[in-house]
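Colleague: Following this message is one structure expressed as structure tokens.
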Amino acid sequence: MKKKSKVLIIAFAVALVLAFFIAIPNIYFYIIGQKIQTGVAGGYEWTDEMPYDQRKTVKIDAGEGDFKILVLTDVHRKNHGTFAAELGINYILDFASEIALDKLVKNTSPDLILVLGDTVLTQRNDIETRKFAEQMDGYKIPWAPVFGNHDDEGRADKARLAEIYSESEYCLFEYGPQNLHGAGNYVIEITRNELPVYALFMLDSGSSKEFEAQTAGINDAQVNWYEWNMAAFEADYGYKPENMAFFHIPTPAYAGITEFAVGGRGEDSCFENSSDDILISMLNNNGTHVFVGHDHANNFIAGYNNMKIGYATKSSYNCYFKSKVTGGTLLTVPASGDVKEEVVLFR
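Residue numbers (the numbering used here): 728 to 1074.
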């Protein structure tokens, strides 16, 4: 009995020590997590009557060879929605994800990295957004994010998160028009010989806060802004360059896809209240690709009329995932010919 009692006492003492070291950080982070962080909305007022010469884009010279774009999504740093966060396991998951992402970037050597939202999910979303930005800047490669539905579910609003992105050395994020849906609607021009060969439209598809109001998704104003930009390209250069769109929440068309050119489906598509109007408009404006995130077990790319629509591959071990559907999606824009799409997994 004495031996059993000692074992029980030791086990109880160890449990108390562990509980102490788990409880203290959780209490501390809960307290600091309540300090609201509000930013100042940037951007500009836009109307479709604005002169085309007021169009704002970010330009990247692709050079003469292949131009590689690595697309990431749903990193979910700290992911406070599970018991793992309370036990501190999310720190381990984030650490493992950082190592895997470092290897992925090294192995693919992209010229541009795009991040399609849900980068963080924590009350301390400003802190984790800054940590992610520091990791991305460490690659010394231009990168560009959009917001997902979870990024602003914390103490910092989108305006504050946008400020953090704008302070990042290699981040191309632009707030875009203030009067469009969300924050971070902007255009990246991929150029050769100072002429656009591809236009990348980065769009905000909304927040979880908008789900009940059924206002999430790409709305009519954003579609109009896209069309205005494409008309401006034609006015400036005499042609509409091929273009892609990148945002977080899929459109209804994704739910009906059953045949895949690349990747596969691991769950139903969760499209909330968005319409397919952006896809229809792109079909009429030389659009070639649309990529989203949101549904972690999907990473397919499929034909949609004369375009391709698809999911970027989930890019972390935090929040739910499938081991064979973690990594990124690599797009190669050649000097001539069609874009090559491939899934690149964590190794």
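Glycine included, C-beta positions come from ideal geometry on N, C-alpha and C. The structure presented is a predicted model; accordingly, all values stated were derived computationally and were not measured.
Three-state secondary structure (DSSP) at residue 798?
Modeller: Correct three-state label for residue 798: strand.
Colleague: Do you know offhand how far residue 911's Cα is from residue 1071's?
Modeller: Near 26 Å, if we compare the C-alpha coordinates of residue 1071 and residue 911.
Colleague: Taking all protein chains shown into account, decide if residue 706 is buried (16 or more other Cβ within 10 angstroms of its Cβ) or exposed.
Modeller: Outside the displayed range of the chain (728 to 1074) lies residue 706, so it cannot be described from this structure.
Colleague: Thinking just about the alpha-carbon of each residue, which of 1065, 951, 1025, 1038 is nearest to the one in residue 1012?
Modeller: Nearest of 1065, 951, 1025, 1038 to residue 1012, Cα basis: 951.
Colleague: Grab me the residues of residue 907's own chain with a C-beta within less than 8 Å of its C-beta, minus the 5 sequence neighbours each way, in chain order.
Modeller: Counting only Cβ-Cβ distances below 8 Å, and skipping sequence neighbours, we find 773, 931, 948, 949, 952.
Colleague: On the three-pair Cβ rule with 8 Å, is the region 839 to 848 touching the region 866 to 882?
Modeller: Cβ pair count under 8 Å is three or more, so yes.
Colleague: Compare the beta carbon distance of residue 1049 and residue 1024 with 7 Å and say whether it is the shorter of the two.
Modeller: A contact, by the Cβ cut-off of 7 Å.
Colleague: Following the continuous beta strand (DSSP E) through residue 1068, name the residue where it begins and the one where it ends.
Modeller: First-last of the beta strand (DSSP E) with residue 1068: 1067 to 1072.
Colleague: Using 7 Å as the threshold, is the C-beta distance between residue 843 and residue 975 below it?
Modeller: In this structure, residue 975 lies closer than 7 Å to residue 843 by Cβ.
Colleague: Does the beta-carbon distance from residue 1018 to residue 988 come in below 7 Å?
Modeller: Not closer than 7 Å, so no.
Colleague: Can you give the Cα-Cα distance for residue 800 and residue 972, rounded to whole angstroms?
Modeller: Going from the Cα of residue 800 to the Cα of residue 972 covers about 14 Å.
Colleague: If we count the other Cβ atoms within 10 Å of its Cβ and call it buried at 16 or more, is residue 980 buried or exposed?
Modeller: Buried: at least 16 other Cβ atoms inside 10 Å.
Colleague: Are the beta-carbon atoms belonging to residue 914 and residue 956 less than 7 Å from one another?
Modeller: Taking 7 Å as the Cβ cut-off, residue 914 and residue 956 qualify as a contacting pair.
Colleague: At what residues does the alpha helix (DSSP H) containing residue 928 begin and finish?
Modeller: Counting along the chain, residue 928 falls outside any alpha helix (DSSP H), though it belongs to the beta strand (DSSP E) covering 922 to 929.
Colleague: Are the CB atoms of residue 853 and residue 887 within a distance shorter than 7 Å?
Modeller: Yes. Within cutoff.
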